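Chemist: Numbering (the UniProt record's numbering), first residue to last: 1 to 736.
Heads up, the beta-carbon is just placed ideally off N, CA and C, and yes, glycines get one too.
All figures in this text were calculated on a predicted structure; none of them were measured in a lab.
Okay, structure coming up:
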């Protein structure tokens, strides 16, 4: 029996699977891919034949009830156990290991399935194992790669698409360098310009398994191969991978605050970004690793969609839409059409494809995790489908009559949600929006603020007339360590620096815009996911969102916000610290406002003309206490309509609400009317935020009754400005 293991430099002209083909293409383009060899599909076929597995597998598949997902999973497990318990023929094993011996050290394995007549599906189902060492472990890992070909998802795919054809697989086995740093690379940051790439870096192998806590973010100019901006964060733990399993190690104190990338490494990654996009044309999101001397490319994928505000205008066209529907979630997405008739079929849609279904009932809940575009023919918005599409950011049209007839399988189209249209090919350029920073600023009487993420903090801050809004929740989640653990180990200065840096950066970027900072109020579940969380979060709640969090917990355990209070105290001593306002999160009673005053005064933080206190009244219990809350001493009220609606209607999460339904919006508008009237009577300002603040009925009501400010994501900034100006003009006209 002859094994066909092929060195990368001597691969034959045969179909080896899309993933292997991509690796070979990157290598031929002289990109820094780790050296290795290919275990060919013929090797897999020989393994199956040697162990008489084809008949056994066909027998199991024939008895599978493909209308029952639990039975598909049972059959999948049985087939995988057959493969894992079968032997690799000795001659095959010897040849494999002779190739492995030339790689020196541990290896990584990448699966590349071969699907009969469906090559475009192959890249979606890539499996990888890292850090495998030892001959026996490598052979076991190879069997795991082969077994992954019979996952429950792929079994259904074969049943649906491939009839009786038997699948196969090639596997790339590559040298796995002794990495020191890993990270991600976006080759073109559309929001900042074509010449900018964005790099994230962590100590250890965290990027390979999706753990980027404590990462540094670098904005790199590809024209000069130099860093333009950097957001540096302390890192307390790092991940290493041994025999495919992640291992957590603590980072030495003298390294925790060290910068991850040197100027030389940034230059190499910038060159990698340019070469990647030159070779693959489309903007890429890549994973890389670096040892002491070199940077290696591990994987890359095209960025298949971009937020509406980041798409650059092209030359104008008079292209007519193919069909029209009603958009229920924002965005512009381009991809190939995939017709979906059952929930099982929806699980097979690739990230770069747009699914068409008669109704939401044909879309499995798990499918929304990888869907990017969805067209529904019927006009009945079933609430669970709406909620899932919104939660996972799927650009979705409903009421797209005859979509399955007009749009053929495999057709290349664009969903343009602002107009509700579907176009052939790319979207018409006149319907695309330029980056926010290039838009003329439209001024409205109602102030507009923006909610900034940590990524946006390192970018240019948009010009606004309201607040920049930032929450402690995102910073602490990024840091990844429970605050009480740091206090216990006397390392609170690390968190202090992590909190100070982004707030300082925001305030320094502008000279006249105020920062609205909301103290971190994670739920017990969210705290438990942090390093050390299991030691300090002993309470287990059925619904943590309804439980022990917000002001009630922070005031009971002030140590939780010890680092935040010290940061506020330090910022107040600096000139730009005079543009700071503080939000008391998730108030339940008016008395909590008085308690906040006491806690803050102990840290020499007191309400003044240059330090405004803002009360978060998003919990319904505040509705009857507004006069008392204001009486205890605050400068403004803060209402997140999404949070209010979640608790008001007794939902577990905001995403489960059909928030466009009249039976949701009407009572919500009554509650909002009560708040607006009370604010007017009390002479207190009101700040609104949340998706529901952009609902047309809520927005009209708020503007007509003089809401002071609306805080929106950066992506909605241009849209809300135009709408506010229009509503304000209508209001003036009505009074003429």
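So, for residue 552: in the same chain, excluding its five sequence neighbours on each side, which residues have a beta-carbon less than 6 Å away from its beta-carbon?
Modeler: Counting only Cβ-Cβ distances below 6 Å, and skipping sequence neighbours, we find 588.
Chemist: Sorted by chain position, which residues of the same chain lie with C-beta nearer than 8 Å to residue 619's C-beta, five sequence neighbours on each side aside?
Modeler: The answer, listed in chain order, is 550, 586, 587, 588, 643, 644, 647.
Chemist: Suppose you measure from the CA of residue 332 to the CA of residue 496; what does that come to, to the nearest Å?
Modeler: Spanning the two alpha carbons is a distance of roughly 39 Å.
Chemist: If I measure Cβ to Cβ from residue 737 and keep anything under 6 Å in the same chain, skipping five residues before and after, which residues do I get?
Modeler: The shown model of the chain, from 1 to 736, leaves out residue 737, and the question about it has no answer.
Chemist: So what does DSSP say about residue 513, is it helix, strand or coil?
Modeler: Here residue 513 sits in coil by DSSP.
Chemist: Among all the DSSP beta bridges, which residues are the ones paired with residue 468?
Modeler: BP columns for residue 468 point to 450, 515.
Chemist: Report the three-state DSSP secondary structure of residue 765 (helix, strand or coil).
Modeler: For the chain, the structure presents residues 1 to 736; residue 765 sits outside this window and is missing.
Chemist: For residue 114 and residue 17, which I take to be in contact (beta-carbon distance under 8 Å), what is that distance rounded to the nearest angstrom?
Modeler: Confirmed, Cβ separation roughly 5 Å.
Chemist: Straight-line CA distance for residue 213 to residue 197?
Modeler: Computed Cα separation, rounded: 20 Å.
Chemist: Residue 625 bridges to which residues according to DSSP?
Modeler: According to DSSP, which records beta bridges pairwise, residue 625 is partnered with nothing at all.
Chemist: Give the single residue among 555, 673, 88, 480 whose Cα lies nearest to the Cα of residue 599.
Modeler: Cα-wise, what sits closest to residue 599 is 555.
Chemist: Would you report the Cα separation of residue 412 and residue 377, rounded to the nearest angstrom?
Modeler: Their backbone Cα atoms lie some 18 Å apart in a straight line.
Chemist: Take residue 498 as the anchor and find which of 233, 143, 614 has the nearest alpha-carbon.
Modeler: Nearest of 233, 143, 614 to residue 498, Cα basis: 233.
Chemist: From residue 15 to residue 297, what does the alpha carbon distance come to, in whole angstroms?
Modeler: If I take the Cα positions, the gap works out to 23 Å.
Chemist: Less than 9 Å between the C-beta atoms of residue 100 and residue 62, yes or no?
Modeler: Going by C-beta atoms, residue 100 is not nearer than 9 Å to residue 62.
Chemist: Could you tell me the distance, in whole angstroms, from the CA atom of residue 53 to the CA atom of residue 158?
Modeler: Each residue's alpha carbon lies about 17 Å from the other.
Chemist: Taking all protein chains shown into account, decide if residue 532 is buried (16 or more other Cβ within 10 angstroms of its Cβ) or exposed.
Modeler: So residue 532 counts as buried.
Chemist: Have a look at residue 363 and residue 293 and give me their C-alpha separation to the nearest angstrom.
Modeler: Their Cα atoms are separated by approximately 47 Å.
Chemist: Between which two residues does the alpha helix (DSSP H) carrying residue 274 extend?
Modeler: Segment 263-280, the alpha helix (DSSP H) holding residue 274.
Chemist: Over the uninterrupted alpha helix (DSSP H) stretch that includes residue 42, give me the two end residues.
Modeler: Element bounds for residue 42: 41-50.
Chemist: To the nearest angstrom, how far is it from the Cα of residue 91 to the Cα of residue 344?
Modeler: Approximately 40 Å between the Cα atoms of the pair.
Chemist: Could you tell me the boundaries of the alpha helix (DSSP H) in which residue 554 lies?
Modeler: Taken as a continuous stretch (DSSP letters only), the alpha helix (DSSP H) holding residue 554 covers 551-556.
Chemist: Name the residue from 485, 617, 450, 374 whose alpha carbon lies nearest to the alpha carbon of residue 679.
Modeler: It is 617 whose Cα lies nearest to the Cα of residue 679.
Chemist: Between 41, 285, 694, 370, which has its C-alpha nearest residue 721's C-alpha?
Modeler: It is 694 whose Cα lies nearest to the Cα of residue 721.
Chemist: Could you tell me the alpha carbon to alpha carbon distance between residue 361 and residue 650, rounded to whole angstroms?
Modeler: Straight-line Cα distance between these residues: approximately 24 Å.
Chemist: Would residue 612 and residue 513 qualify as a contact pair, given that the criterion is a beta-carbon distance under 9 Å?
Modeler: Against a cut-off of 9 Å, the Cβ pair of residue 513 and residue 612 comes out as no contact.
Chemist: Between the Cα of residue 739 and those of 93, 562, 676, 723, spot the shortest distance and give me the residue it belongs to.
Modeler: What the structure shows of the chain is the stretch from 1 to 736, and residue 739 is not part of that stretch, so it cannot be assessed.
Chemist: Taking the C-alpha atoms as reference points, what is the distance between residue 120 and residue 41?
Modeler: Caution is warranted here: a pLDDT of 45 is assigned to residue 120, below 50, making its placement in the model unreliable, and the coordinate value is therefore given only provisionally. Approximately 18 Å, taken between the alpha carbons.
Chemist: If the criterion is Cβ atoms closer than 9 Å, does the pair residue 279 and residue 25 meet it?
Modeler: Contact flag set, yes.
Chemist: Can you name, in chain order, every residue of its own chain whose Cβ lies under 8 Å from the Cβ of residue 31, other than the five neighbours on each side?
Modeler: The residues are 272, 275, 276, 279, 297.
Chemist: Residue 612 lies in the beta strand (DSSP E); which residues open and close that run?
Modeler: Looking at the DSSP string, the run of the beta strand (DSSP E) that includes residue 612 is 611-616.
Chemist: Distance, Cα to Cα, residue 408 vs residue 479?
Modeler: Their backbone Cα atoms lie some 47 Å apart in a straight line.
Chemist: Leaving out the 5 sequence neighbours to the left and right, which residues in its chain are closer than 6 Å to residue 103 when beta-carbon positions are compared?
Modeler: Excluding sequence neighbours, residue 103 sits near 175.
Chemist: Short of 7 Å in beta carbon distance, which residues of its chain neighbour residue 447, apart from the five on each side in sequence? Order them along the chain.
Modeler: These residues qualify, in order along the chain: 465, 466, 708, 709.
Chemist: Enumerate in chain order the residues of its own chain whose CB-to-CB distance from residue 676 is below 6 Å, with the five nearest sequence positions on each side excluded.
Modeler: 705, listed in sequence order.
Chemist: In the DSSP assignment, find the unbroken beta strand (DSSP E) run with residue 108 in it and report its ends.
Modeler: Start and end: 107-114.
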